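Under the numbering used here, residues 110 to 349 are what the sequence shown spells out, in order. Ideal placement from N, C-alpha and C gives every residue a C-beta, glycine not left out. None of these values were measured; they are calculated from a predicted model. I have placed the structure first, in the form of structure tokens, so that the comments after it can refer back to it.
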Amino acid sequence: MTRLRKMMLEELERRNYSPRTIECYIPEVEDFARYFHCPPDRLGPQHIREYQAYLFNQRKLAPSSVTQRLAALRFFFIKTLKRRWSVAETPYPKQARHLPTVLSQEEVARLINAAPTPFYRILLMTLYATGARRNELAHLKVRDIDSQRMVVHIQGGKGRKDRDVMLSPVLLEALREHWRRLKPKTWLFPGSRAHTAPRPITSKVIWHACHQAALRAGLHKRVHPHTLRHYVPSLTMSSN
């Protein structure tokens with residue numbers, strides 16, 4: 110581990126950044142240094158502007174992706190190297206604003222029912238009924254399902270805040286069926302093809318489940334996991 114990488118990692122951990130943010134920030138600073146073939150502490154605002162143009166023009170990254178990389182560099186220069194950072198010299202890109210895709214109740218039912226496997230179906234049901242983010246869903250544990258209080262405990266959400274969301278009777282019964290089928294021990298949705306790994310699924314699995322179900326359901330809208338967060342589920346969600 111290089112000295113600068115170690116410094117940045119220690120600073121991120123000291124400030125209690127989430128593991129996911131750490132996994133993103135460090136490689137993004139390393140990519141910046143690799144582009145210039147130079148240690149990042151020898152680079153400055155003019156290099157950041159050149160790198161930003163490269164990300165847009167050659168890598169064809171979306172504004173949100175470029176903004177995330179700039180956030181990583183901002184942390185590195187301000188928090189790790191204790192240097193000043195001028196927003197005027199390195200502005201964040203303007204974000205394109207799009208209206209979110211919204212599914213009707215009938216389309217949500219078609220999406221869930223079109224899931225190609227029971228595992229994908231329970232993933233989509235839980236995503237829809239809880240409004241969880243992809244990473245939150247992937248890291249649910251068996252113990253997070255509280256049938257006494259009828260809540261799902263979601264840990265380490267945005268801002269590393271925990272929260273409880275309502276557990277519907279329909280989802281509870283579906284999760285019990287899922288448990289009887291796979292007998293998960295720790296992670297509610299274990300990884301690997303057989304779903305027996307001692308680790309959770311990745312968020313890519315949730316993307317794939319949503320994409321496959323949307324194709325099979327014949328939905329022509331741009332459907333992704335976040336789409337279901339724009340839909341408030343009914344307490345009487347059908348299990349058909």
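Other residues of its chain near Y134: CB distance less than 7 Å, five sequence neighbours each side excluded: On the sequence shown, residue 134 is found 25 positions in, with the first residue counted as 1. Contacts found: L121, A181 and F184.
L281 CB to nearest heavy atom of the ligand SAH below 6 Å: With respect to the ligand SAH, the structure offers nothing, as it holds no ligand at all.
Whether L337 touches Y229 by CB criterion (7 Å): If you number the sequence shown from 1, residue 337 lands on position 228. If you number the sequence shown from 1, residue 229 lands on position 120. No.
Spatially closest choice to L170 from P202, P334 and E139, by CA coordinates: Within the sequence shown, the letter at position 61 stands for residue 170. Ranking P202, P334 and E139 by CA distance to the CA of L170 puts P202 first.
DSSP three-state assignment for I263, whether helix, strand or coil: Here residue 263 refers to the residue found at position 154 when the sequence shown is read from its first residue. In the structure shown, I263 sits in a strand (DSSP, three-state: E or B).
Sub-7 Å separation of A224 and L233 beta-carbons: The residue given as residue 224 occupies position 115 in the sequence shown. The residue given as residue 233 occupies position 124 in the sequence shown. Going by C-beta atoms, A224 is nearer than 7 Å to L233.
In DSSP terms, what W316 is bridged to: The count along the sequence shown starts at 1 and reaches residue 316 at position 207. Its beta-bridge partners do not exist; DSSP assigns none.
Under the three-state DSSP convention, the category R168 falls into: Here residue 168 is taken as the residue at index 59 of the sequence shown, counted from 1. Residue state, collapsed to three classes: coil.
Per-residue DSSP class, three states only, for V274: Taking the first residue of the sequence shown as 1, we reach residue 274 at position 165. Reduced to three states, the DSSP call for V274 is strand.
Inter-residue spacing [alpha-carbon to alpha-carbon] between F165 and P172: The residue given as residue 165 occupies position 56 in the sequence shown. The residue given as residue 172 occupies position 63 in the sequence shown. If you take the alpha carbons of F165 and P172, they lie about 8 Å apart.
Three-state class that DSSP yields for R188 in the structure shown: If you number the sequence shown from 1, residue 188 lands on position 79. The amino acid at residue 188 is misidentified as Arg; the sequence shows Lys. K188 falls in the helix class under three-state DSSP.
Beta-carbon spacing of V279, V261 below 7 Å: Along the sequence shown, one-based indexing puts residue 279 at 170. Along the sequence shown, one-based indexing puts residue 261 at 152. Not in contact: V279 and V261 (Cβ atoms no closer than 7 Å).
I157 to F186 span [Cα, whole Å]: On the sequence shown, position 48 is the one that residue 157 refers to. On the sequence shown, position 77 is the one that residue 186 refers to. Taking the straight line joining both Cα atoms gives about 11 Å.
Which residues DSSP lists as bridging I254, in chain order: Position 145 of the sequence shown, counted from the start, is the residue given in the question as residue 254. BP columns for I254 point to V261.
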